[in-house]
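Residue numbers for the sequence shown follow full-length UniProt numbering, beginning at 1 and rising by one.
Note that CB positions come from ideal geometry on N, CA and C, so glycine has one too.
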Amino acid sequence: MKLIHLSDLHVSTRDDPEYRNLQHIVDHITRHHQDAAIVITGDFVNSAKASEFEVVREALAPLAEHCRLVMTMPGNHDYKLWGNVESDGGPERFFEFREKLTKARAGYPYVMEINGVQLIALDSCMAANDTVDLARGKIGYAQRMQVADYLEMGSPHTRVVMLHHHPFYRDLGLELVDADELLATLAGRCDLLLFGHRHVSAVWSEVFGVGWIVAAGKSTRADASHLHCRVFELEAGIVNYRGNRIALDGSSV
């Protein structure tokens with residue numbers, strides 16, 4: 001199965017460079033990767049505003065229409081003003097956006113299995129949604145126990161877990177506060193762990209008992225004249241990936 005990982009879109013208005021860059025990404029994917037599952041690990045917008053969610057939903061709609069599936073999970077900017085101040089109704093606005101875009105039911109974990117690949121999406125924001133939490137994340141005991149149960153279900157050849165917050169970045173105010181507990185839950189049972197949050201792209205192999213751990217950068221930030229995303233091929237427990245460079249005209253390089 002083909003999977004494409006995007007994160008940290010940070011779209012506010014149609015005048016943003018992030019919006020234009022997202023259009024290039026979406027155009028490229030819909031022309032070249034309609035067979036892919038698209039995973040977006042949070043921070044769709046900047047301040048959890050209804051107007052922002054409408055703009056980013058408009059940009060992402062072709063993915064939902066043409067690609068195999070789109071899975072989404074919230075980032076701190078999707079629940080909070082500027083990503084760190086409690087926003088009344090922020091989570092509700094995110095779930096309304098998510099339902100309109102993907103038709104997914106409310107709540108997390110959200111789990112799908114496709115061609116032997118189990119996809120588990122987590123919410124690392126709801127349990128840390130007070131202003132005092134700043135931009136921190138938390139999975140919470142109940143969600144971790146559900147994840148543990150899902151990881152024991154069925155017999156998929158590949159298990160993929162996805163969330164927004166970086167699980168071993170310890171910067172005060174940005175960290176996932178129960179990261180150690182989550183990693184202990186995943187150890188020996190997760191083949192691929194995907195996240196964003198820091199805007200720094202990185203890959204680790206066979207650490208914390210997880211096959212591959214992959215951090216996305218800010219997908220809508222261009223490097224020189226190109227944008228970047230990772231394309232994964234998942235088959236029989238084997239994870240292969242490659243970087244995909246997208247020129248600002250939407251072509252692949």
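Whether residue i touches residue j by CB criterion (8 Å)
i            : j            : result
cysteine 190 : isoleucine 4 : no
leucine 182  : glycine 209  : no
valine 239   : glycine 217  : no
glutamate 52 : valine 11    : yes
Contacting residues, own chain, Cβ-Cβ under 8 Å from residue i (five flanking each side not counted)
i              : result
isoleucine 120 : Pro109, Tyr110, Val111, Val147, Tyr150, Leu151, Arg159, Val160, Val161 and Met162
glycine 90     : Ala48, Asp78, Tyr79, Lys80, Leu81 and Asn129
asparagine 46  : His10, Val11, Ser12, Glu52, His77, Trp82 and Gly83
alanine 61     : Leu101
histidine 33   : Lys2, Ile4, Cys67 and Val231
arginine 144   : Asp178, Glu181, Leu182 and Thr185
valine 253     : In this prediction, valine 253 has a pLDDT of 49, which is less than 50 and means its spatial position is unreliable; what the coordinates show is noted afterwards. For valine 253, where only same-chain residues beyond five positions count, the Cβ hits under 8 Å are His226, Arg245, Ile246 and Ala247.
Rounded distance between the beta-carbons of residue j and residue i, thought under 8 Å
i             : j             : result
glutamate 233 : lysine 2      : 6 Å
threonine 13  : glycine 196   : Not confirmed; about 21 Å, so no contact.
residue 290   : serine 219    : Outside the displayed range of the chain (1 to 253) lies residue 290, so it cannot be described from this structure.
lysine 138    : serine 155    : About 31 Å; that fails the 8 Å criterion.
histidine 166 : arginine 198  : 5 Å
alanine 247   : serine 225    : 6 Å
glutamate 86  : threonine 131 : 4 Å
Sequence-distant residues of the same chain with beta carbon closer than 7 Å to residue i, five excluded per side
i            : result
glutamine 23 : Ala59
leucine 63   : Val26, Ile29, Thr30, Ile38 and Val70
alanine 179  : Pro167 and Phe168
glycine 243  : His228 and Arg230
Option in the options with minimal Cα separation from residue i
i              : options                          : result
aspartate 133  : Gly173, Ser205 and Ala236        : Gly173
methionine 73  : Glu52, Phe95 and His66           : Phe95
histidine 157  : Leu227, Gln143 and Ile114        : Ile114
isoleucine 213 : Glu52, Glu65 and Tyr169          : Tyr169
glycine 140    : Leu176, Ala215, Arg68 and Ala236 : Leu176
tryptophan 204 : Arg105, Tyr241 and Met126        : Tyr241
glutamate 206  : Leu194, Gly188 and Glu99         : Gly188
6 Å Cβ shell around residue i - same chain, five flanking residues per side excluded
i                : result
phenylalanine 44 : Leu9, Val56 and Asp78
glycine 75       : Gly42, Asp43 and His164
Enumerated in chain order, which unbroken segments of the alpha helix (DSSP H) with a length of 4 residues or greater are wholly contained in the stretch 122 to 176? As far as the stretch 122 to 176 is concerned, its whole alpha helix (DSSP H) runs of at least 4 residues are 141 to 150.
Can you list, in chain order, the stretches of the alpha helix (DSSP H) that have 4 or more residues and sit fully within the stretch 39 to 79? The qualifying runs are 50 to 66 and 76 to 79.
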